[in-house]
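Everything below concerns the one structure shown next.
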Amino acid sequence: MKEADVAISVDNAVDIAKESADIILLRKSLLVLERGVLEGRRVFGNILKYLSITASSNFGNVFSIMVASLFLPFLPMAPMQLILLDMVYHSGMGAMPWDHMDEEWLKVPRRWKPIQIGRFMLWFGPTSSIFDITTYALMFFLIGPMAISASYFSLTGVQKQQFVHLFQTGWFVESLWTQTMVVYMLRTQKVPFLESLPATPLLVITAFGMLIGLIIPYTPLGTYFDMVALPWYYFPIVLFPTLFAYLMLAQFVKRQFIKRYGELY
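In this note's numbering, the protein residues as written are -11 to 253.
Here it is in C-alpha cells:
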C-alpha cells in the first residue's frame, strides 16, 4: 500500500492498513471513488473557467482604458465606478463553483496549464476591447451630442461634466453586461444554451447582477458615483447591438481557439 500511487482501505480494516491508506471507504462500494473523481474534475474545471474568463475580462478592460487614454480628453470610467463594476461583476461570478462542466471535459484527467490561461487572455481580452472602443465612439460622437445637444468640444464646464458622466455611465452598463453575458459563451466548449445550459445559481445571480448594474444609474447610489440616467435610445443604438455582435464574435473566436489548441481550458 505504501508503494501504490493511491492506497485504498475500508473503515473496518486493521489499523496499519488504514494508516497506510490515502482513501478510507466508509461504504462497501467503489462508486464513491468515481463520484469523488468527477466532482474533483468539475471543481477544477470551474476554477479554470473563473480564472480564464476573469483574467481575459480584466486584460480587456486595461487594454480598453489604454486605448481611451490616447484619444479621449477624459477618463472613460471614474476609479470609483471601476471598483463598483468589479464588485457587481465578481458577485455574480461567485456562483461559478455551482456551474456544470461538459461531460466530455470530465472524461479525462486535466492538468494545471498556466500557458493556456495566458492564451485565453490574449485571445479574448482584445476581442472585448473591440466593442469597448465602438462604445467609446458611439457615446462620444452620437449618444453624448444627442443628449446634450452639442459635441463635447463645444460645451462649457458644467455641460462638459454632464457629457463625461453620461459617457462613463454608458460604458459602465455596456462593460458590465458584455463581460457578464460572455460568461455564458465561454463557460462551455459547446454552443451555449442550445447544447449546454448554465447552472441555475450562475444564471440567476449573474442576471440579477446585470439588473442591479442597469438600475444603479437611476438611483441615489448612481448619483453618488457620478452616474446619470441613460436616454432610451442608448439601448437600441449602443447596448443591444454591441451585446449581440460581441457574443457572436466571442463564439466564433472560441471555435477558432479550440481548433488551434484542442480545448478551451
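Using N, Cα and C, we set each Cβ at its ideal position, and we do this for glycine too.
Helix, strand or coil at Pro180 according to DSSP, with G and I counted as helix: Reduced to three states, the DSSP call for Pro180 is strand.
Where the alpha helix (DSSP H) containing Ser44 begins and where it ends: Unbroken alpha helix (DSSP H) run through Ser44: Leu19 to Phe59.
Straight-line Cα distance separating Val171 from Thr42: Answer to the nearest angstrom: the Cα atoms are 9 Å apart.
Distance, His153 Cα to Ala66 Cα: Near 9 Å, if we compare the C-alpha coordinates of His153 and Ala66.
Exposure of Phe213, with buried meaning 16 or more beta-carbon neighbours within 10 Å: Under this definition Phe213 is a buried residue.
Collapsed DSSP secondary structure at Val96 in the structure displayed: DSSP places Val96 in the coil class of the three-state scheme, outside both helix and strand.
Buried or exposed (CB count within 10 angstroms, at least 16 for buried), Arg99: By the Cβ neighbour-count rule, Arg99 is exposed, with fewer than 16 other Cβ atoms within 10 Å of its own.
Contacting residues, own chain, Cβ-Cβ under 6 Å from Pro61 (five flanking each side not counted): Spatial neighbours of Pro61 in its own chain (CB-CB distance under 6 Å, excluding positions within 5 residues in sequence) are not present.
Local Cβ density within 10 Å of Gln69, reported as buried at 16 or more and exposed below that: The residue in question, Gln69, is buried, as its Cβ has 16 or more Cβ neighbours within 10 Å.
Cα-Cα separation between Ala(-5) and Ile71, rounded to whole angstroms: Going by the C-alpha atoms only, they are around 48 Å apart.
Status (buried if at least 16 other CB within 10 Å, exposed otherwise) for Trp165: Taking every protein chain shown into account, the CB of Trp165 has 16 or more other CB atoms within 10 angstroms, so this residue is buried.
Which of helix, strand or coil DSSP assigns to Val2: If DSSP states are grouped into helix, strand and coil, Val2 belongs with coil.
Beta bridge counterpart(s) of Ile12 as assigned by DSSP: According to DSSP, which records beta bridges pairwise, Ile12 is partnered with Ser(-3).
Cβ pair Gly197, Ile204 closer than 7 Å: In this structure, Gly197 lies away from Ile204, with their beta-carbon atoms at least 7 Å apart.
Helix, strand or coil at Trp111 [DSSP, three-state]: Assignment of Trp111 by DSSP, reduced to helix, strand and coil, places it in the helix class.
Nearest residue (CA-CA) to Gly28, options Val55, Ser40 and His88: Taking only the C-alpha atoms, the option nearest Gly28 is His88.
Contact under 7 Å by Cβ, Trp111 with Phe245: In contact: Trp111 and Phe245 (Cβ atoms closer than 7 Å).
Segment limits, alpha helix (DSSP H) that includes Lys242: Annotation: the continuous alpha helix (DSSP H) that includes Lys242 extends over Phe228 to Tyr249.
Exposure of Phe228, with buried meaning 16 or more beta-carbon neighbours within 10 Å: Phe228 should be labelled exposed.
Sub-7 Å separation of Leu73 and Leu26 beta-carbons: Contact: no.
Pair within 7 Å by beta-carbon distance, Met109 and Ser44: The Cβ-Cβ distance between Met109 and Ser44 falls below 7 Å.
Span of the alpha helix (DSSP H), counted from its first residue to its last, around Thr207: Neither: Thr207 is in no alpha helix (DSSP H) and is coded neither H nor E.
Where the alpha helix (DSSP H) through Lys148 begins and ends: Counting along the chain, the alpha helix (DSSP H) containing Lys148 begins and ends at Gly145 to Leu174.
Extent of the continuous alpha helix (DSSP H) to which Gly80 belongs: Per DSSP, Gly80 belongs to the alpha helix (DSSP H) from Pro67 to Met81.
CA nearest to the CA of Leu14, picked from Asn0, Leu202 and Leu174: Among Asn0, Leu202 and Leu174, the Cα nearest to that of Leu14 belongs to Asn0.
Nearest neighbour of Ser52, chosen from Pro97, Asp120, Gln149 and Phe181 [CA to CA]: Selected option, being the one with the closest Cα: Asp120.
Where Tyr124 sits in the DSSP three-state scheme: Looking at Tyr124 - three-state DSSP - the assignment turns out to be helix.
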